[in-house]
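A quick write-up on the structure given underneath.
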Amino acid sequence: MEEWKKLVRDTVNTPEKLAAIFDVDLDEIKRVHDVFPIRINPYYLSLIEEPGDPIWKQVVPDPKELIRTGFEEDDPLGEEDDSLVPNVTHRYPDRVLFYVNYMCPIYCRFCTRKRKVGDPDSIPDNNIEMGLDYIRSHPEIRDVIISGGDSMMLTDRKIDYIVGSLRDIEHLEIIRIGSRVPVTLPQRITPELCAILKQYHPFYINTHFNHPREVTPETEKACGMLVDAGIPVGNQAVLLRGVNDDPTVMVDLMKKLLKIRVRPYYIYQADLVYGTDHFRTSIKTGLEIVSALRGHISGLGVPHYVVDAPGGGGKIALIPDPVVSFDDEEIRLKNYEGNTYSYPSTSFYDEDW
Ligand SMILES: *Cc1c(COP(=O)(O)O)cnc(C)c1O
Ligand code: SF4
Numbered sequence: 027m028e029e030w031k032k033l034v035r036d037t038v039n040t041p042e043k044l045a046a047i048f049d050v051d052l053d054e055i056k057r058v059h060d061v062f063p064i065r066i067n068p069y070y071l072s073l074i075e076e077p078g079d080p081i082w083k084q085v086v087p088d089p090k091e092l093i094r095t096g097f098e099e100d101d102p103l104g105e106e107d108d109s110l111v112p113n114v115t116h117r118y119p120d121r122v123l124f125y126v127n128y129m130c131p132i133y134c135r136f137c138t139r140k141r142k143v144g145d146p147d148s149i150p151d152n153n154i155e156m157g158l159d160y161i162r163s164h165p166e167i168r169d170v171i172i173s174g175g176d177s178m179m180l181t182d183r184k185i186d187y188i189v190g191s192l193r194d195i196e197h198l199e200i201i202r203i204g205s206r207v208p209v210t211l212p213q214r215i216t217p218e219l220c221a222i223l224k225q226y227h228p229f230y231i232n233t234h235f236n237h238p239r240e241v242t243p244e245t246e247k248a249c250g251m252l253v254d255a256g257i258p259v260g261n262q263a264v265l266l267r268g269v270n271d272d273p274t275v276m277v278d279l280m281k282k283l284l285k286i287r288v289r290p291y292y293i294y295q296a297d298l299v300y301g302t303d304h305f306r307t308s309i310k311t312g313l314e315i316v317s318a319l320r321g322h323i324s325g326l327g328v329p330h331y332v333v334d335a336p337g338g339g340g341k342i343a344l345i346p347d348p349v350v351s352f353d354d355e356e357i358r359l360k361n362y363e364g365n366t367y368s369y370p371s372t373s374f375y376d377e378d379w
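Under the working numbering, residues 27 to 379 are what the sequence shown spells out, in order.
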């Protein structure tokens, strides 16, 4: 049996298995698990150094998940409303999210799709064919993001079928997979899988590291294999209280990602999802982190900090405002050290100069 399949087989997926490893309150864990299931594979489990650390917080159920704070909804981004067929979210004119699997290598406690992950009923029998038909019949779609759950938990054959069928659609220009597998089950990235994926260029992967301790020899190897197969690998982190809501941690994460050839792409402000409010930070914290990145790391390592607008408005980027003043003659700008610089706001060749 392949190593990754053994890790999936030996996954901690019940409160009892978790209580056999850590000193946790079994009843409390059971109450949370009944609503939002546990799943931690032995590789990711091995990264936990002590209870309550940034790895633990991402996977061990917390009774706070059951608290309704008044901020949250089950589907705050209106993904279901933007779906004409189940599991294809068509929000932007030219690109869609295609949800193909309910299973993940771990179940992240902060997941935006907590309402679906781990639930086999979220995938109807003919899910893949319905999605493919929808994309085939909409020539305005140029870009598809295969999402989940995690498509890389499927078999090589099934992944080959899905990506290959998409590649046969003439109007599709790029194909992307969004997957936490390279981070949380890096053993799944095998030479066979890379050989399949590299047939379907232009093909991109966005993965999801949240903490520098997730950058290990195993994840470095997995990301290196993907990049060597010609697949650009980007990172979409989520800003999480108690995990990475600290400029030092985020600067360290971005530097480590660049070293393993993963390009930081987004930092998400946490969505207003039921069961995750204890992870959410203020917007101010996010802006402070982006300020700390700018100037202290190459532009290659500075992701966009985005809020996914509630109700399906799409992603909106926030930047710390560098404009001190701006009129017809000059713009005055603040740099990363807080010094102010003046720049002409017109060009000699402007028509109305
Ligand atoms: C994030 C997202 C995309 C892709 O957005 P990019 O900014 O192109 O990476 C597409 N559809 C939906 C519904 C999304 O949430
Ligand atoms: S791997 Fe992704 S989809 Fe799965 S639980 Fe984690 S954040 Fe959610």
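Cβ atoms here follow ideal geometry from the backbone N, Cα and C, with glycine treated the same way.
Distance, residue j Cα to residue i Cα
i: D53; j: H237; result: 29 Å
i: Y367; j: R117; result: 40 Å
i: I257; j: N232; result: 10 Å
i: D79; j: I161; result: 42 Å
i: G174; j: E363; result: 41 Å
i: M251; j: E356; result: 49 Å
i: V332; j: A343; result: 4 Å
i: V316; j: K360; result: 14 Å
i: D353; j: T372; result: 10 Å
i: S148; j: R320; result: 40 Å
i: E240; j: M280; result: 12 Å
Residues that residue i bridges to, as DSSP identifies them
i: T366; result: K360
i: D169; result: R121, I200
i: K341; result: D334
i: F352; result: I357
i: V264; result: Y294
i: V8; result: Here the chain comprises residues numbered 27 to 379, so residue 8 is not present and cannot be evaluated.
Heavy atom of ligand 3 within 7 Å of residue i beta-carbon
i: L123; result: With respect to small molecules bound, the structure shown includes ligand 1 and ligand 2 and not ligand 3.
Beta-carbon proximity list for residue i, same chain, < 7 Å, skipping 5 on both sides
i: D271; result: L265, T307, T311
i: I154; result: V126, I188
Check: residue i C-beta below 7 Å from any heavy atom of ligand 1
i: D334; result: yes
i: I171; result: yes
i: K341; result: yes
i: T311; result: no
i: Y331; result: no
8 Å CB neighbourhood of residue i in its chain, flanking five on each side removed
i: E29; result: Q213
i: M27; result: R35
Cβ neighbours of residue i in the same chain (closer than 6 Å, five flanking residues each side left out)
i: V114; result: V122, F124, G157, Y160
i: G260; result: N232, R289, Y291
Residue i CB to nearest heavy atom of ligand 2 below 7 Å
i: G260; result: no
i: Y118; result: no
i: I132; result: yes
i: V143; result: yes
Residue-chain proximity (residue i, chain B), Cβ-Cβ < 8 Å
i: F235; result: Looking for chain B here will not work: only one protein chain is present.
>> Between the stretch 244-251 and the stretch 280-290, can you find at least three pairs of beta-carbon atoms closer than 8 Å?
In response: Taking one beta carbon from each stretch, the stretch 280-290 and the stretch 244-251 have 3 or more pairs nearer than 8 Å; the two touch.
> Would you say the stretch 64-74 touches the stretch 92-107, given that touching needs at least three Cβ pairs under 8 Å?
Replying inline: no
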